Amino acid sequence: MILGGTAEAAELARTAAARFGDVLQVTTSLAGRTERPGPLAGHVRIGGFGGASGLAAYLTEHGIGRLIDATHPFAARISAAARLACEQANVPRLVLRRPPWHRDPLDRWIEVDCVSDAAAIVGRAGRRAWLTVGASEIASFSAATAVHYLVRLVDPPRRRLPLQSYEVIVGRGPFSLPEERNQIESNEIDVLVCKASGGAATEAKIIAARERGLPVIMVRRPPAEPGEAVDTVEAALAWLAGSSCLVEAMRVS
Ligand code: NAP
148 MILGGTAEAA ELARTAAARF GDVLQVTTSL AGRTERPGPL AGHVRIGGFG GASGLAAYLT
208 EHGIGRLIDA THPFAARISA AARLACEQAN VPRLVLRRPP WHRDPLDRWI EVDCVSDAAA
268 IVGRAGRRAW LTVGASEIAS FSAATAVHYL VRLVDPPRRR LPLQSYEVIV GRGPFSLPEE
328 RNQIESNEID VLVCKASGGA ATEAKIIAAR ERGLPVIMVR RPPAEPGEAV DTVEAALAWL
388 AGSSCLVEAM RVS
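All the letters of the sequence shown, read from the start, carry residue numbers 148 to 400 under this note's numbering.
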């Protein structure tokens with residue numbers, strides 16, 4: 148089973164099904180946050196498990212042989228639950244964690260520990276902020292009323308956002324460098340606020356901000372869960388290929 152909700156998880160499901168489909172059943176688990184998740188190869192289940200014990204029960208009940216935690220680096224609760232559940236159910240676990248972005252000497256990052264710390268300083272960094280922190284974190288910025296926000300979301304909001312002055316753009320990565328340059332220029336952005344998510348799909352905004360010399364309020368990643376980890380889909384496939392039950396099944400087939 149793949150814990151998903153990321154482009155890497157979707158790519159892993161696609162390539163694992165293509166490579167081992169005859170001998171391996173791939174299930175991707177989604178939290179159900181986005182209204183229109185992209186297409187996924189294999190089985191898909193949606194919704195929380197009810198904490199680590201619920202996930203452990205699911206693993207046992209469904210005979211899950213291996214778990215790959217390919218969730219977003221900021222999805223700390225599900226990753227902690229996955230570690231505990233796999234220990235409890237005795238299921239081998241791998242973390243597929245996208246590589247972080249590397250800071251260029253020209254970058255003007257202001258690193259903070261959490262989104263509310265970003266909100267506390269955004270008004271000092273600029274007047275027109277581009278927020279790419281996810282829908283569930285927008286409310287943190289409601290007190291920073293001197294700032295106009297450009298908010299990028301995956302789904303159109305169902306109700307007014309708790310911000311005094313804002314516009315919404317809806318989009319799902321990957322985003323190109325020309326697209327991101329255009330967002331900054333046409334919206335007269337003077338500060339970018341984002342999570343240190345890493346990976347190539349959303350890196351163009353960081354490059355575009357660097358080119359313009361803009362400050363970037365960068366929320367640091369939460370601490371990673373301990374355990375075996377890789378940072379590419381190919382390495383995760385190699386881990387799967389090395390599993391004893393898969394080796395045996397491939398030998399028989
Ligand atoms: P989170 O805070 O770590 O998890 C909150 C709860 O949501 C978990 O306790 C679990 O509920 C449920 N959950 C999370 N991921 C799940 C999954 N893949 N399958 C089943 N249940 C899941 O997670 P989050 O930050 O809200 O992120 C939710 C999902 O969005 C993740 O799949 C993540 O990969 C994706 N995502 C997150 C971000 C981000 O910035 N946080 C960005 C892009 C994508 P129970 O306790 O009931 O099991």
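A virtual CB, placed ideally from N, CA and C, is assigned to each residue, including glycine. In this text, all values refer to a predicted model and were calculated from it rather than measured experimentally.
CA-CA distance, R368 to S344, rounds to 7 Å. Burial check for S176: the Cβ neighbour count within 10 Å reaches 16 or more, so the residue is buried. One Cα belongs to V340, the other to V280, and the distance between them is close to 7 Å.
Inclusion of R224 in the 8 Å shell around the ligand NAP follows from its C-beta lying nearer than that to a non-hydrogen atom of the ligand. With respect to the C-alpha of P220, the residue from P239, S200, L243 having the closest C-alpha is L243. The C-alpha of E258 lies about 43 Å from the C-alpha of G168. Taken through DSSP and simplified to helix, strand or coil, I364 comes out as strand. Under the DSSP definition of a beta bridge, A276 partners with Y296, V338. Segment contact: the region 230–241 against the region 260–268, fewer than three CB-CB distances shorter than 8 Å; contact not assigned. Listed in chain order, the beta strand (DSSP E) runs fully inside the region 198–244 are 214–216, 240–243, counting runs of at least 3 residues. In this structure, A178 places its C-beta atom within 9 Å of the C-beta atom of I193.
Per the DSSP secondary-structure output, S176 pairs in a beta bridge with L150, R192. In the three-state reduction of the DSSP assignment, W256 falls in the strand class, which pools E and B.
With contact defined as three or more Cβ pairs closer than 8 Å, the region 224–232 and the region 325–332 are not in contact. For Y296, the closest of W277, A223, W256 by C-alpha to C-alpha distance is W277. If you look at V301, you'll find it isn't in any beta strand (DSSP E); DSSP assigns it neither H nor E. Note that the C-beta distance between V338 and R275 is below 9 Å. Straight-line spacing of the CA atoms in R255 and R359 works out to 10 Å.
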